[in-house]
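Chains as they are written, first to last, in our numbering: chain Z, 615 to 1083; chain L, 615 to 1083.
The beta-carbon is built from N, C-alpha and C at its ideal position, and this holds for glycine as well.
None of these values were measured; they are calculated from a predicted model.
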């Protein structure tokens, strides 16, 4: 039995690890396009900021750790074609020669590619000019090389999603003045505007020049750096002179290899897979950012996240060995730290829930993270979305300070969503309490109780049998 | 409709609030034995430590807040008897006169009393001598009065459970040298000895003189303070000279009123109630530390906790108005901060699980709270207990540093236990991840995955269909 995995990131490595764990007699080869298997690309902003002192520390496991599991790694090796009928993977070796690797089972984890938006001049500029995209370790080295060479004092970031926000923090920590340009009405567009506004304030507080409802239209070189033109949605012209431009506006699935082999495309062009991670091509599985995401509330969508890639890869690795497991599905649980704020979400926002056929209603409340009498209590903004008809919990969004245990509070909601709890039933959960860290009804429950009071109190009252009164 | 609640602490107030919320036409009277309704007795250690600057801040709600809900409060009023047939509560007023309060429904939340252990001399000593128990606001004022009067430099605490540990920290913060004496083999006996040992180390690191396997046998007055005799389980004699003694060895249910009215006693003498909080006496409900605890894994037990009292009170308040809800049950979720450590647990430990008919096996592991490459990562000791036959999650214990989000990580396990998840299925949960706050598989999942590897890998391997190889 020879299992071949393509991709050295979360999905490929997770699949390979699971296969080796389940059957140490299985031969496992991982084909990696670069020299950096199992690197944490989520950690790149913290390397750029200087908080991670050496890029090698970004490896989840070292090359030696991976070899010790018994898997073989073929680094700097690019998968060019899948010969499905012949069960062979065609590759280009580091020296330019080609090879065919025979497999019994193949797992494809080619991941995603950074989106290059339509900006005039962007195609003609490169990292040598201080214009960067950021997704891979190669991109990271190019950026640090620019930072060393240019010694920028002014940078402009196109995009204010997770990576854009983390990079705004990272470049600010290096003493660089950051201008951040976001097309949508508010930064962190994955959360409600009223919550994104809190992150916006945090950016401004830390010296970031934030432009929302604004698009970068043109980038050009000047004698001293880069000139950037933009426009607001109102048509107002914007211009900036900076030393460095970073374009981080999201990713698209890297599906070329699979589509050419005959796989089908689904939402946003990602490869359609079953919940078993089967592609429909015999003996070919796929996982991670290159495939669609099964979502427990939305069905089949595309929502690339490292946590999801780990889970999908694990499922693919098990099934490739003859297992019969399925990916349980995503809830889109996400968290980001931006300076001293943490923002998290799980499940659906109202517009997503409406599109999925629910009847969402929401309530935002700001319970303290712990008892106000104990020093250091801070409010957490929590927005609960539930179904008006069934009372089912549909989603939660949380923003608060770094010490407020936001990232693990969202996990309680994620676990509740996993089990299709009602908002009301959250009150039944036996959550922990000590005054320095919580409340007798945890903030998680105070938020759901407020939702119930606003949206279900009349229904609760109607259940009382009036004859006892 | 007149609802009367006895008790100004969690259960009584929670019941009264729920009743007023559900039916603002219901007249609600709360009979409170002292002058401190809705005070957070869990916060007392932080008032003693000086972190809470005024005792009034310990109120969850002020007297005015409570009145604003429309409930009536009768303070310093002691419930002496329940006339069940006549639906009247007999009380002694602050001026010594007696009264009978007619009720349609009665909710009893008399709470618990501190246990006074058998120590020679204890009966003859009082707060005037610097010997204290600690449970109520009255006890708190007596203790602060002693602290002001005696200006102790040396204190001895009998007991190293939650309150004992918090008080060790609180008195240490006041500059008092603390000796802590625990009868059992390790401090914080609610967790495994190997985890309690970490708390022990934290106490020692902060200057507390800890004696485990040791019993205080005698307390007596001297010219300058108090002389305490003890013995180790090996029979070795111990003696201490201190200025203050605090005895905090747990509580027992305060059931006198209900038992005299005809209610039945259950585990540890607590009043037996249905999951509806019905006592079996017509129109009499009870909730909180005076009643038994329905536990989702253990059945009927006694496990007094503020979080439980809040939930039970809420159920009693609703059902007294004609509702038909049940208390969903406790999982014994608890957390305590001891200096810079946080210890938490939920569900069962092995000996409890064995007694309940499970086949528990456990694994302790120490995953980092977040990615090691990001500054400040610290290990969390996590002990997972699961059923060897069914794979069901039975319990989790966690100890780590204060910033490691222990208290909300235990909540993920508590929510999983609520839904009777298997240890293995924890891997399917879509938990949040960002490098400064977590890992792609959160510490919660790394711990459960290690349990699965140790106890179920052979079973997982057996599920692979061998013909695909």
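Assuming the contact rule is C-beta atoms closer than 8 angstroms, residue 952 (chain Z) and residue 863 (chain Z) should be a hit. Round their C-beta distance to whole Å, please.
Actually they are not in contact, since the Cβ atoms of residue 952 (chain Z) and residue 863 (chain Z) sit about 17 angstroms apart, beyond 8 angstroms.
By the three-class DSSP mapping on this structure, what secondary structure does residue 835 (chain Z) have?
strand
Once the 5 residues before and after residue 898 (chain Z) are set aside, which same chain residues still bring their CB inside 6 angstroms of it?
720
Chain-ordered neighbours of residue 656 (chain L) on chain Z, where CB pairs are closer than 9 angstroms:
985, 1047, 1048, 1049 and 1054
Contact residues within the region 966–993 of chain Z, judged by C-beta distance below 8 angstroms to chain L:
985, 986, 987, 988 and 989
Please report the Cβ distance between residue 788 (chain L) and residue 937 (chain L), rounded to the nearest whole angstrom; I am assuming they are in contact, meaning their Cβ atoms lie under 8 angstroms.
46 angstroms between Cβ atoms; not a contact.
Would you give the residue range spanned by the alpha helix (DSSP H) that residue 927 (chain L) belongs to?
920–934
Could you check the C-alpha separation between residue 842 (chain L) and residue 822 (chain L) for me, to the nearest Å?
17 angstroms
Label residue 999 (chain Z) either buried or exposed according to how many other C-beta atoms from any shown protein chain fall within 10 Å of its C-beta, with 16 as the threshold for buried.
buried
Check residue 1039 (chain L) in the structure and name its three-state DSSP category.
helix
Residue 1049 (chain Z) versus residue 659 (chain L): straight-line alpha-carbon distance, rounded
10 angstroms
Expected contact under 8 angstroms - CB spacing of residue 792 (chain L) and residue 826 (chain L) to nearest Å
About 14 angstroms; that fails the 8 angstroms criterion.
What does residue 1042 (chain Z) reach in chain L if we use C-beta pairs closer than 9 angstroms?
925, 941, 942, 943 and 1032
Boundaries (first-last residue) of the alpha helix (DSSP H) holding residue 1062 (chain L)
1057–1076
Taking the alpha helix (DSSP H) that residue 755 (chain L) falls in, what are its first and last residues?
751–764
Residue 1082 (chain L) to residue 935 (chain Z), Cα distance in whole Å?
Residue confidence for residue 1082 (chain L) is low, a pLDDT of 47 falling below 50, so the modelled location carries little weight; the figure read from the coordinates is stated next. When rounded, the distance between both Cα atoms is 7 angstroms.
Say whether the region 975–988 of chain L touches the region 1065–1080 of chain L, bearing in mind that this needs 3 or more beta-carbon pairs closer than 8 angstroms, one atom from each stretch.
yes
Beta-bridge pairing of residue 870 (chain Z) - partner residues as DSSP gives them:
DSSP lists no partner for residue 870 (chain Z).
Would residue 767 (chain L) pass as a contact of residue 820 (chain L) if the rule is Cβ separation under 8 angstroms?
no
Just checking residue 776 (chain L) against the ligand MG - is the residue's beta carbon closer than 7 angstroms to any of the ligand's heavy atoms?
Judged by which ligands are present, the structure shown has none, so any question about the ligand MG falls away.
For the region 896–918 of chain Z, enumerate the residues whose C-beta is nearer than 7 angstroms to any C-beta of chain L, in chain order.
none
Within 8 angstroms, do at least three Cβ pairs link the region 694–711 of chain Z to the region 869–884 of chain Z?
yes
Would a C-beta distance cut-off of 8 angstroms place residue 1065 (chain L) and residue 924 (chain Z) closer than the cut-off?
no
Cβ of residue 947 (chain L) within 8 angstroms of Cβ of residue 1044 (chain Z)?
yes
Reducing DSSP to helix, strand and coil, say where residue 1081 (chain Z) ends up.
Low confidence applies here, because residue 1081 (chain Z) scores a pLDDT of 48, under 50, leaving its location unreliable and the question unanswered by this model.
Per-residue DSSP class, three states only, for residue 1021 (chain Z)
helix
Thinking residue 920 (chain L) and residue 1047 (chain Z) are a contact (beta carbons under 8 angstroms), I'd like their distance in whole angstroms, please.
6 angstroms
Considering only residues of the same chain and omitting the five flanking positions on each side of residue 909 (chain Z), which have a CB-CB separation below 8 angstroms?
915, 917, 943, 944, 945 and 946
So for residue 659 (chain L), helix, strand or coil by DSSP?
helix
For the beta strand (DSSP E) containing residue 747 (chain Z), name the first residue and the last one.
745–747
Name the chain L residues that come within less than 9 angstroms of residue 660 (chain Z), Cβ to Cβ?
985, 987, 988, 989, 1049 and 1050
Chain Z within 8 angstroms of residue 672 (chain L), Cβ atoms only
yes
Endpoints, beta strand (DSSP E) assigned at residue 913 (chain Z):
913–915
Once you ignore the five residues that flank residue 759 (chain L) on each side, which residues in its own chain have a CB closer than 8 angstroms to its CB?
741
Taking 8 angstroms as the CB-CB cut-off, is residue 1078 (chain Z) touching chain L?
yes
Quick one: list the residues of chain Z neighbouring residue 1023 (chain L), beta-carbon separation under 8 angstroms, in chain order.
1022 and 1025
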